[in-house]
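Numbers given in our numbering equal positions in the sequence shown, counted from 1, plus 9. Take a look at the structure below.
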Amino acid sequence: MLVTGTDTDVGKTVATAAVAAAAQAAGLRVAVVKPGQTGVADGRPTDIDVVTRLSAPTTTRTLASFPDPLAPLAAARVAALEPLELYAVADAIRAEARDHDLVLIEGAGGLLVPMGLRPSGEPWTVADLAVSLGAPAVVVARAGLGTLNHIALTLEALDRRAVPAGVVLGAWPTEPELVHWANLTDLVPNLVGVVPDGAGGMDPGVFQRSATGWLTPALYGVLDDWRAWAEDVH
């Protein structure tokens, strides 16, 4: 399962951790794979560090790390490092799938960010990776103004590639405004989760116990009627 986003900093990593926690609560062996981690030179925790702290999956892997906070292909080029190769990444993920019930693949930035190079020398994206693996996608998005357009564009790109997808709002505000409720209502047909703002700062035990309540059964959670829930809050 690919976890992508409408943009960078929309909550992909915490959403990935939430799905991992919910799946493990359901008894699944979970691997989380980050194909390309960028921006490691600043010494901050990596995305895999965050996922490991919050949900402690069975296995976590970063396939390649690059110093600069750029798209993975650009970061590899700037650092004069070998770029990620599509089929090598796909093979590494398939290897994890043999030993786990669920493999979560966290992308970088949005769906069409250049990740690396094909053997032909052409760039590839996480959308290409999803097609290569036959994997469904989770699109993590902002809750506020402008998100409907970004979500629609991302879902359209996935639909054109025959990749099934659902939407998770990555940081639901503690004091939602009209725009947030309106967006939530419009997204209900595609919505598979809403992660509260600040969830990444929770105690790991609290995070793991709470995660199933943020997700629908499609992502191993317990919420099964977002439409009724959205109507109840109006």
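By construction, the Cβ of each residue, glycine as well, lies at the ideal position given by its N, Cα and C atoms.
Looking at residue j and residue i, is the spacing between their C-beta atoms short of 8 Å?
{"i": "Thr-225", "j": "Val-201", "result": "yes"}
{"i": "Ala-139", "j": "Ala-166", "result": "no"}
{"i": "Ala-34", "j": "Thr-163", "result": "no"}
{"i": "Gly-125", "j": "Glu-94", "result": "yes"}
{"i": "His-189", "j": "Pro-198", "result": "no"}
{"i": "Ser-129", "j": "Ala-99", "result": "no"}
{"i": "Lys-21", "j": "Glu-115", "result": "yes"}
{"i": "Leu-82", "j": "Pro-213", "result": "no"}
{"i": "Thr-15", "j": "Gly-153", "result": "no"}
{"i": "Val-23", "j": "Leu-72", "result": "no"}
{"i": "Trp-223", "j": "Ala-89", "result": "no"}
Does DSSP put residue i in a helix, a strand or coil?
{"i": "Pro-226", "result": "helix"}
{"i": "Val-98", "result": "helix"}
{"i": "Arg-70", "result": "strand"}
{"i": "Pro-182", "result": "coil"}
{"i": "Thr-13", "result": "strand"}
{"i": "Ala-24", "result": "helix"}
{"i": "Ala-146", "result": "strand"}
{"i": "Gly-210", "result": "helix"}
{"i": "Leu-232", "result": "coil"}
{"i": "Val-39", "result": "strand"}
{"i": "Thr-88", "result": "Reading the sequence as shown, one finds Ala at residue 88 and not Thr. Three-state DSSP puts Ala-88 in coil, outside helix and strand."}
{"i": "Leu-111", "result": "strand"}
{"i": "Ala-139", "result": "helix"}
{"i": "Ala-80", "result": "coil"}
{"i": "Asp-18", "result": "coil"}
{"i": "Ala-161", "result": "helix"}
{"i": "Leu-187", "result": "helix"}
So residue i and residue j are supposed to be a Cβ contact under 8 Å. How far apart are they, rounded?
{"i": "Thr-67", "j": "Val-39", "result": "6 Å"}
{"i": "Ala-117", "j": "Thr-47", "result": "6 Å"}
{"i": "Ala-161", "j": "Leu-111", "result": "Ala-161 to Leu-111, Cβ: 27 Å. No contact."}
If you compare alpha carbons, which of the options is closest to residue i?
{"i": "Val-147", "options": "Pro-173, Gly-155, Arg-127", "result": "Pro-173"}
{"i": "Met-10", "options": "Gly-143, Arg-170, Pro-128", "result": "Gly-143"}
{"i": "Asp-195", "options": "Leu-157, Ala-171, Ala-80", "result": "Leu-157"}
{"i": "Arg-86", "options": "Ser-74, Ala-97, Tyr-96", "result": "Ser-74"}
{"i": "Gly-175", "options": "Val-42, Thr-61, Ala-150", "result": "Ala-150"}
{"i": "Gly-52", "options": "Met-211, Ala-65, Pro-78", "result": "Pro-78"}
{"i": "Thr-17", "options": "Ala-30, Ala-80, Leu-113, Gly-210", "result": "Ala-80"}
{"i": "Leu-37", "options": "Ala-208, Ala-24, Leu-113", "result": "Leu-113"}
{"i": "Gly-45", "options": "Ala-27, Ala-65, Pro-76", "result": "Pro-76"}
{"i": "Thr-25", "options": "Asp-58, Val-122, Ala-161", "result": "Asp-58"}
{"i": "Ala-171", "options": "Pro-145, Leu-187, Thr-61", "result": "Pro-145"}
{"i": "Val-49", "options": "Arg-218, Ala-29, Ala-84", "result": "Ala-84"}
{"i": "Asp-108", "options": "Ala-161, Leu-90, Thr-69, Met-211", "result": "Thr-69"}
{"i": "Ala-30", "options": "Val-42, Lys-43, Val-60", "result": "Val-60"}
{"i": "Ala-65", "options": "Phe-216, Asp-233, Pro-185", "result": "Phe-216"}
{"i": "Tyr-96", "options": "Thr-134, Val-28, Ile-160, Ala-88", "result": "Thr-134"}
{"i": "Glu-184", "options": "Gly-155, Asp-206, Val-177", "result": "Asp-206"}
{"i": "Leu-232", "options": "Gly-155, Val-177, Arg-127", "result": "Val-177"}
{"i": "Leu-121", "options": "Gly-155, Arg-103, His-159", "result": "His-159"}
Tell me whether residue i is buried or exposed, calling it buried when 16 or more other Cβ atoms sit within 10 Å of its Cβ.
{"i": "Asp-56", "result": "buried"}
{"i": "Tyr-229", "result": "buried"}
{"i": "Pro-179", "result": "Correcting the residue type first, residue 179 is Gly in the shown sequence and not Pro. Buried is the call here."}
{"i": "Val-242", "result": "With a pLDDT of only 45 at Val-242, under 50, the local geometry of the prediction cannot be trusted, and the value read off the model is given with reservation. Under this definition Val-242 is an exposed residue."}
{"i": "Gly-209", "result": "buried"}
{"i": "Leu-193", "result": "buried"}
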